[in-house]
Amino acid sequence: MHPKISFSGKVWHFMENDSETVTELSRTIGVPELVSNILLNRGFSDISEIKMLLDPKLRNTIPDPSLLLDMDMGIERLVRAISNNEKVMILGDYDVDGITSTYLIVKYLSDVGHSPLYRLPNRFTDGYGISEQALNEAVENGVDLIIAVDTGTSCIDEIEKTNQAGIDSIIIDHHAQVYDTLPDAVAIINPNRRDQDEIGYSHIKHLCAAGVAFIFLIALQRTLRESGFFGRGDVYIDSMPVWNEPSLLDMTGVVAIGTMCDVMELRGINRAIVKYALLNNRYPLGIRYLLQALNIPKISSVDDLGFFIGPAMNAAGRLGDPTIAMKLLFAETDDEAECIALKLVSMNGERKVLERCIVDNAVAMIEANQLFKNPGICVYGDGWHEGVIGIVAGRLKDRFHKPSFVVSFDKDGIGKGSARSIPGVHLGELLTTAKNEGLLVSGGGHSQAGGFTITKDQISCFSDFINSVVRVDYVPTLDIDYTLTPMSDIAQLSRDLSVITPFGKGIEKPLVCMEKVRIEWAKKICSGAHMMMWINGEYSAKKVKAMIFHCSAKRNILDPIEQNLGDLFDVVGYINVHEQYGPSFFVEDVRTSSP
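The opening position of the sequence shown corresponds to residue 2 in the numbering used here, with each subsequent residue numbered one higher.
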């Protein structure tokens, strides 16, 4: 018997655990059985780790910074730069993790009286990594020390150029080591170096760049304190000021933003930082005004960080200048913070329009040419905005469940491409092979995401290449944690689930199924971007408000709903309870109910 396929093309798998195991775990850790069941579904069985997961503390998860390779050498070099008043430049990246990690280092050094230069790349003119333009600026400004954050581990040639220019470099990164050798930097502080061991339950290998920068600053503060650098404010010794210690805890909110927006696994130190940030609400002035511009009363969940704050900050880098988001974090007055926040929200609105337009064009192209029958999907257009094609590739991958490649060609026929993949297709290997065979100007990436440059006369051969090498019979599966019954109390379920918040990568939100419900009313909102619905089922709430997000890539779900309002459906999604609006349901998938 063939498994039943949902409207989105997925098979639903209802997860089950041995009832005695669930009950015993629930009794041991003192949580509802629903929580124990979800923990088992996520692969957690070690009692010590579960207890740390349920009650993460910074003091229990932050490792001794000196256990990270090169940490002490990097700190020694930076302290020397501070002591000798050397000129320092921080080089970051254009995404939220790159922005937040750069901010942390610049903010701390400025607070201790050593304001550095900083530079964030423009994705259109600089590209990813340490650009030639950045190195030229460092030389022109007489920089003595470069600190590269969220980049640098693979920049062997670029670091060699800094050495030739007489500039030292420290790398603070989290990306996997690609090459057998590392750059010849003073220090490469990266938990994902091949020779770096894990440290207890800290889970340092899941840190984003902002997290690594935070540990770096802990080590720097410790060293400065031990050297007698800090004292009472406005105190001078030998005409040199003695500075107060900056509050590292005040930086946890920014670290949490970087962590959630880079989709890092919420275990160990990441979980402790994010939970602390949510409970203690320590964010720069600009973030508070960004919340106001987004009509969010306060940051109360990781969704606020990842789905609202992150995209607004990311919009600056996607549309051109990531320093706008950096200026938001550094804003010192209400007027400045409000002005920048409104600008970022406007830019994010522009980004959404661009994204929806390209998704609509791409889906129409795919369906008109039946490209969905191919093993991989490759679409392209003239003048498609390069800043959003990565998001579009992700939407197409989710819609068609195939590796998706999206290319934007300029007037000279040079195309910038972005790709997103499915399990079983390694994009980094595929793009590297295509480059070696002369099908790309350049290309590379990770397992599930990649980027490339291609000329228009290569696109047909590249598409044929994709379809010749991709050989995966992939049917996506939704793993469902819980099925509601007529006795289910959605609000109580949400309260039970709050025990294991925050949810994120590695401990994803529980997927819940409502069977045999009627979708009685549905309406597009936000200029057609999303759909609001009322679901009527035999549950304590009777009618439940539901939402489907990003409609442009989900016509396969929306069309059957709109054409069959009032029929019986099975619906899978996430329970969401808002303090003001009560319980609602975020729909992930729908199928026709069995008779």
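No residue lacks a Cβ here, since even glycine has one placed at the ideal position from N, Cα and C.
Pick from the options: whose alpha carbon is nearest that of residue i?
i: Ser248; options: Gln178, Arg226 and Arg268; result: Arg226
i: Pro323; options: Gly395, Thr126, Trp385 and Gly391; result: Thr126
i: Phe466; options: Ala435, Asn61, Phe453 and Ala313; result: Ala435
i: Ile160; options: Leu70, Gly452 and Ala188; result: Ala188
i: Arg272; options: Gly229, Leu208, Ala317 and Arg223; result: Leu208
i: Gly93; options: Asp497, Ala214, Arg268 and Ile481; result: Ala214
i: Ile157; options: Asn38, Ile171 and Thr182; result: Thr182
i: Lys353; options: Glu368, Ala317, Gln165 and His176; result: Ala317
i: Leu280; options: Arg194, Asp56, Ser461 and Ser37; result: Asp56
i: Pro184; options: Arg195, Asp169 and Ser155; result: Ser155
i: Ile51; options: Phe587, Leu26 and Gly130; result: Leu26
i: Ala492; options: Lys108, Lys412, Leu441 and Asn577; result: Asn577
i: Gly167; options: Gly143, Ser495 and Gln178; result: Gly143
i: Gly130; options: Ile91, Val36 and Thr593; result: Ile91
i: Leu432; options: Lys457, Gly414, Glu246 and Val471; result: Val471
i: Gln178; options: Ser170, Arg195, Asn164 and Thr163; result: Arg195
In whole angstroms, give me the CA-to-CA distance for residue i and residue j.
i: Thr478; j: Gln459; result: 35 angstroms
i: Met16; j: Lys206; result: 29 angstroms
i: Ala627; j: Leu329; result: Given a span of 2 to 596 for the chain in the structure shown, any question on residue 627 remains unanswerable.
i: Leu320; j: Val591; result: 34 angstroms
i: Thr118; j: Ile148; result: Thr is not the amino acid found at residue 118; the sequence shown has Leu there. Computed Cα separation, rounded: 10 angstroms.
i: Gly390; j: Leu397; result: The question names Gly, yet the displayed sequence has Ile at residue 390. Near 10 angstroms, if we compare the C-alpha coordinates of Leu397 and Ile390.
i: Gly234; j: Thr454; result: Annotation note: pLDDT 48 at Gly234 (below 50); position unreliable, no value reported.
i: Lys524; j: Asn315; result: 29 angstroms
i: Asp112; j: Ile378; result: 50 angstroms
i: Ser116; j: Gly416; result: 39 angstroms
i: Leu512; j: His14; result: 11 angstroms
i: Asn375; j: Met533; result: 33 angstroms
i: Asp568; j: Ile520; result: 7 angstroms
i: Ser448; j: Asp336; result: 44 angstroms
i: Glu589; j: Gln197; result: 38 angstroms
i: Leu69; j: Val572; result: 46 angstroms
i: Lys510; j: Glu266; result: 13 angstroms
i: Val408; j: Asp560; result: 28 angstroms
i: Ser302; j: Pro503; result: 7 angstroms
i: Thr152; j: Pro192; result: 13 angstroms
i: Asn437; j: Ser469; result: 16 angstroms
i: Ser46; j: Val23; result: 10 angstroms
i: Ser1; j: Leu110; result: Because the chain in this structure spans residues 2 to 596, residue 1 falls outside the shown range and cannot be described.
i: Lys555; j: Ser9; result: 8 angstroms
i: Leu41; j: Asp19; result: 10 angstroms
Is DSSP giving residue i helix, strand or coil here?
i: Val573; result: strand
i: Asn537; result: strand
i: Asp590; result: strand
i: Phe215; result: helix
i: Val426; result: coil
i: Leu146; result: strand
i: Arg233; result: Because the pLDDT of Arg233 is 47, which lies under 50, any placement of that residue in the model is unreliable, and the number read from its coordinates should be weighed accordingly. Reduced to three states, the DSSP call for Arg233 is coil.
i: Asp158; result: helix
i: Gly287; result: helix
i: Tyr109; result: helix
i: Val476; result: coil
i: Ser170; result: strand
i: His204; result: coil
i: Leu92; result: strand
i: Ser499; result: helix
i: Asn85; result: coil
i: Thr484; result: strand
Determine, using beta carbons only, whether residue i and residue j come nearer to each other than 7 angstroms.
i: Ile258; j: Ile297; result: no
i: Tyr104; j: Arg124; result: no
i: Tyr381; j: Ile423; result: no
i: Arg357; j: Gly395; result: no
i: Val360; j: Ser553; result: yes
i: Val275; j: Lys506; result: no
i: Leu146; j: Glu77; result: no
i: Ala173; j: Val140; result: Position check: residue 173 holds Ile in this sequence, whereas Ala was assumed. Going by C-beta atoms, Ile173 is not nearer than 7 angstroms to Val140.
i: Gly425; j: Gly445; result: no
i: His402; j: Leu355; result: no
i: Ser102; j: Ala210; result: yes
i: Asp482; j: Ile39; result: yes
i: Thr253; j: Ala278; result: yes
i: Arg268; j: His204; result: yes
i: Ile200; j: Pro64; result: yes
i: Lys546; j: Ser499; result: no
i: Met327; j: Ile106; result: no
Checking contacts by CB at 7 angstroms: is residue i closer than that to chain D?
i: Leu105; result: The displayed structure is made up of one protein chain only, and chain D is not part of it.
Quiz item: Does the region 333 to 349 come within contact of the region 278 to 295, defined as at least 3 CB pairs closer than 8 angstroms?
Solution: yes
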